[in-house]
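Heads up: the sequence shown runs through residues -27 to -1, 1 to 505, numbered per mature numbering (1 follows the signal peptide of the UniProt record, and there is no 0).
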Amino acid sequence: MRGAMKPSIVHCLKLLMLLALGGVTMHVPDEDDVVASLGALRLDGHFSFDDAHAAARDFGNRCSLLPAAVLHPGSVSDVAATVRRVFQLGRSSPLTVAARGHGHSLLGQSQAAGGIVVKMESLAAAAAAAARAVRVHGGASPHVDAPGGELWINVLHETLKHGLAPRSWTDYLHLTVGGTLSNAGVSGQAFRHGPQVSNVNQLEIVTGRGEVVTCSHEVNSDLFYAALGGLGQFGIITRARIALEPAPKMVRWIRVLYSDFETFTEDQEKLIASEKTFDYIEGFVIINRTGILNNWRTSFKPQDPVQASQFQSDGRVLYCLELTMNFNHDEADIMEQEVGALLSRLRYISSTLFYTDVTYLGFLDRVHTSELKLRAQGLWEVPHPWLNLLIPRSTVHKFAKEVFGKILKDSNNGPILLYPVNRTKWDNRTSVVIPDEEIFYLVGFLSSAPSSSGHGSVEHAMNLNNKIVDFCEKNGVGMKQYLAPYTTQKQWKAHFGARWETFERRKHTYDPLAILAPGQRIFPKASLPMSL
């Protein structure tokens, strides 16, 4: 039911806004006018204040910026009305707006200090209640329309009812559609289909002016490409139309090990260049891990149990190639032949071949299974000082020699991803920044820091991260950061390089007051001079 906010809520909003401003007096409209302006909004949802602290936390667990209020939108109109009102307050207002999905950002990117956080999952819930949630369309060009605050796991459940699924994924599905599309969305299918941003047909966006705009490759295309990978700078994605393909029932899931980095990367590149190949290709670096194959036995079967039992991983740097092939039950024999033919071309350590057959849903949601185990051990809601890099093929060997041979001498507190993708599968019209070479590697150091000191601390992980980045910058590696944690515009300009001019132009066009996504720390909101 629509209605203005109650007087008590307006009073709380005023108090929180004053606290957020730290007692600074600014040349702004009267505070009562500002609060009344927001309080007069007639919403399908509501503002709240008791969950402000929750909105100031994220997966990274290293940054906490308290908002003045949290918007629980009951409709897209609520989002547009809120942003539009902040826009109307003009440059003199310090208010900003941040869209928060599942809170999986790493350094406060979905937070808004003293501003308004939009809880996008509330929008998805409202859409479901109004029968406007996930809608699947078949036909010659199958697609799904999903709210921006919907989790990918829910999109998958709904599309599977129709025998369909999105083509490109992230490794973890308990993220929102708008969240991953604002970054890129990358997993082991990206070599074939590109990232998730390359598989979107249409978006609905609330711009920094509070306008609701539908855009696509043909209509309002500049905004469409700006928002994809745009870090939330140009608008809040409230709905997306995503391309689908027929979904398989089953997956053959395979892991093998290499001891030589050059052989490992050559085999990966051979696979992603082949027309007939696996459906998913990722790699991992394993440093000084004891009994790695014994750990695999809980979920995988060894091809040769005797040889596998004799393999020793202690004190070694090993490289795991993880592969899948999709199939349906009546295609199992054909799948076996195709897998055998592909594996025969690879040069992995023969005793380390492990495999299992799982459902397509089970494979795609595999990280959630690990999440539940970590939560049970109290190891999920800890700091995550992650570092994600995109490394050109021409320098990946130099990078690996230094990083895996010298900087990371002991096992890392978390997985290390390393796998190649093809640049041609990434649409260069989006805002995503990638290396210039045709083949580049995604390298992710997915560390957890459960301790306050020592090897498992944030300080230790950040020290290693800084050494890695420093080596790249001083030795011409040509890397780009993904989910970059930059804190100054100078750093962002260097990140975007020649594309900065376009990025800045789009910002001035679609969010001229720099209201949106302040946590990215790219464009500070322009305000009039302050007087103390």
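Cβ coordinates follow ideal geometry from the N, Cα and C atoms, glycine included.
Own chain partners of residue i with C-beta closer than 6 Å, once the 5 adjacent residues on each side are dropped
{"i": "Leu347", "result": "Trp353"}
{"i": "Leu38", "result": "Ala29, Gly81, Gln84 and Ala86"}
{"i": "Lys498", "result": "Thr69 and Ala487"}
{"i": "Leu381", "result": "Ile260"}
{"i": "Ser194", "result": "none"}
{"i": "Gln61", "result": "none"}
{"i": "Gly288", "result": "Asn261"}
{"i": "Arg108", "result": "Asp118"}
{"i": "Tyr231", "result": "Phe237, Tyr292 and Tyr321"}
{"i": "Lys(-22)", "result": "A caution first: Lys(-22) carries a pLDDT of 40, below 50, which makes its placement in the model unreliable, though a value can still be read off. Correct list: empty, nothing qualifies."}
{"i": "Ala106", "result": "Ala100"}
{"i": "Gln493", "result": "Gln82 and Leu204"}
Alpha-carbon to alpha-carbon, residue j and residue i
{"i": "Gly122", "j": "Arg262", "result": "38 Å"}
{"i": "Glu432", "j": "Ser421", "result": "11 Å"}
{"i": "Leu129", "j": "Leu334", "result": "8 Å"}
{"i": "Val279", "j": "Tyr459", "result": "49 Å"}
{"i": "Glu235", "j": "Trp226", "result": "23 Å"}
{"i": "Ser66", "j": "Thr55", "result": "14 Å"}
{"i": "Val394", "j": "Glu410", "result": "10 Å"}
{"i": "Arg479", "j": "His19", "result": "31 Å"}
{"i": "Ala113", "j": "Asp233", "result": "45 Å"}
{"i": "Asp306", "j": "Ser430", "result": "49 Å"}
{"i": "Ala471", "j": "Val258", "result": "33 Å"}
{"i": "Thr(-3)", "j": "Leu419", "result": "With a pLDDT of 32 at Thr(-3), under the threshold of 50, the modelled position of that residue is not reliable, and the figure given next carries that caveat. Distance between the alpha carbons of Thr(-3) and Leu419 is about 43 Å."}
{"i": "Asn268", "j": "Thr325", "result": "12 Å"}
{"i": "Ser247", "j": "Glu311", "result": "13 Å"}
{"i": "Arg402", "j": "Leu415", "result": "20 Å"}
{"i": "Lys222", "j": "Glu304", "result": "10 Å"}
{"i": "Leu319", "j": "Val150", "result": "36 Å"}
{"i": "Phe496", "j": "Phe207", "result": "11 Å"}
{"i": "His166", "j": "Lys398", "result": "6 Å"}
{"i": "Thr461", "j": "Pro491", "result": "12 Å"}
{"i": "Pro408", "j": "Asp17", "result": "44 Å"}
{"i": "Phe377", "j": "Ser425", "result": "25 Å"}
{"i": "Asp252", "j": "Val224", "result": "9 Å"}
{"i": "Ala434", "j": "Lys463", "result": "24 Å"}
{"i": "Trp473", "j": "Arg57", "result": "26 Å"}
{"i": "Ile245", "j": "Phe164", "result": "6 Å"}
{"i": "Ala467", "j": "Val442", "result": "14 Å"}
{"i": "Asn34", "j": "Asp277", "result": "42 Å"}
Proximity to residue i [Cα-Cα], best of the options
{"i": "Tyr292", "options": "Leu266, Phe336, Phe476 and Asp306", "result": "Leu266"}
{"i": "Gly351", "options": "Thr460, Pro423, Val170 and Lys379", "result": "Pro423"}
{"i": "Ala101", "options": "Asp118, Gly87, Ser114 and Val91", "result": "Asp118"}
{"i": "Asn205", "options": "Gly167, Leu381 and Thr153", "result": "Sequence check: residue 205 is Gly here, not Asn. Closest option to Gly205, Cα to Cα, is Thr153."}
{"i": "Ser189", "options": "Gly181, Arg212 and Gly111", "result": "Arg212"}
{"i": "Glu344", "options": "Phe32, Ser232 and His26", "result": "Phe32"}
{"i": "Val43", "options": "Arg35, Leu11 and Lys243", "result": "Leu11"}
{"i": "Glu220", "options": "His135, Ala28 and Val52", "result": "A quick correction: the sequence has Ala, not Glu, at residue 220. Measuring from the Cα of Ala220, the nearest candidate turns out to be His135."}
{"i": "Phe413", "options": "Asp383, Thr482, Glu242 and Asn438", "result": "Glu242"}
{"i": "Asn361", "options": "Asn439, Gly63 and Phe496", "result": "Asn439"}
{"i": "Leu456", "options": "Ala200, Asp17 and His77", "result": "His77"}
{"i": "Gly74", "options": "Phe300, Leu437, Asp383 and Ala98", "result": "Ala98"}
{"i": "Asp23", "options": "His45, Tyr392, Ser286 and Val224", "result": "His45"}
{"i": "Gln175", "options": "Glu474, Leu196, Arg214 and Pro275", "result": "Arg214"}
{"i": "His357", "options": "Cys36, Arg57 and Ser21", "result": "Cys36"}
{"i": "Leu316", "options": "Val331, Leu294 and Val442", "result": "Leu294"}
{"i": "Thr332", "options": "Leu79, Leu133 and Gly417", "result": "Leu133"}
{"i": "Thr482", "options": "Phe197, Asp51 and Asn34", "result": "Phe197"}
Assigned exposure category for residue i - 16 Cβ within 10 Å defines buried
{"i": "Gly(-5)", "result": "Model confidence at Gly(-5) stands at a pLDDT of 33, short of 50, so the residue's coordinates are unreliable; what they give is reported in the following sentence. It counts as exposed."}
{"i": "Asp484", "result": "buried"}
{"i": "Lys92", "result": "buried"}
{"i": "Val192", "result": "exposed"}
{"i": "Gly111", "result": "exposed"}
{"i": "His26", "result": "exposed"}
{"i": "Ser282", "result": "exposed"}
{"i": "Asn299", "result": "buried"}
{"i": "His302", "result": "exposed"}
{"i": "Lys453", "result": "buried"}
{"i": "Gly63", "result": "exposed"}
Own chain residues within Cβ distance below 7 Å of residue i, not counting five before or after
{"i": "Phe273", "result": "Arg228, Phe327, Tyr328 and Thr329"}
{"i": "Phe469", "result": "Val406 and Phe476"}
{"i": "Tyr392", "result": "Gly161, Gln241, Ile254, Glu255, Gly256, Tyr414 and Leu415"}
{"i": "Gly158", "result": "Ser141, Thr143, Pro168, Gln169 and Val170"}
{"i": "Thr437", "result": "According to the sequence shown, residue 437 is Leu rather than Thr. Hits under 7 Å: Ile380 and Leu381."}
Sequence-distant residues of its chain with Cβ nearer than 8 Å to residue i (five each side left out)
{"i": "Val450", "result": "Ile364, Pro365, Thr368, Lys371, Phe372 and Phe444"}
{"i": "His341", "result": "Ile126, Tyr145, Leu146 and His147"}
{"i": "Val49", "result": "Leu96, Glu177, Val179, Val185, Thr211 and Arg212"}
Proximity test, Cβ basis, 7 Å: residue i and chain C
{"i": "Ala54", "result": "The question asks about chain C, but that chain is absent: this structure has only one protein chain."}
### Query
With contact counted as at least three CB pairs below 8 Å, one residue from each stretch, are the stretch 181 to 199 and the stretch 377 to 394 in contact?
no
### Message
Whether or not the stretch 165 to 173 and the stretch 134 to 147 are in contact is what I'm after, with contact meaning three or more pairs of Cβ atoms, one per stretch, closer than 8 Å; do they touch?
### Response
yes
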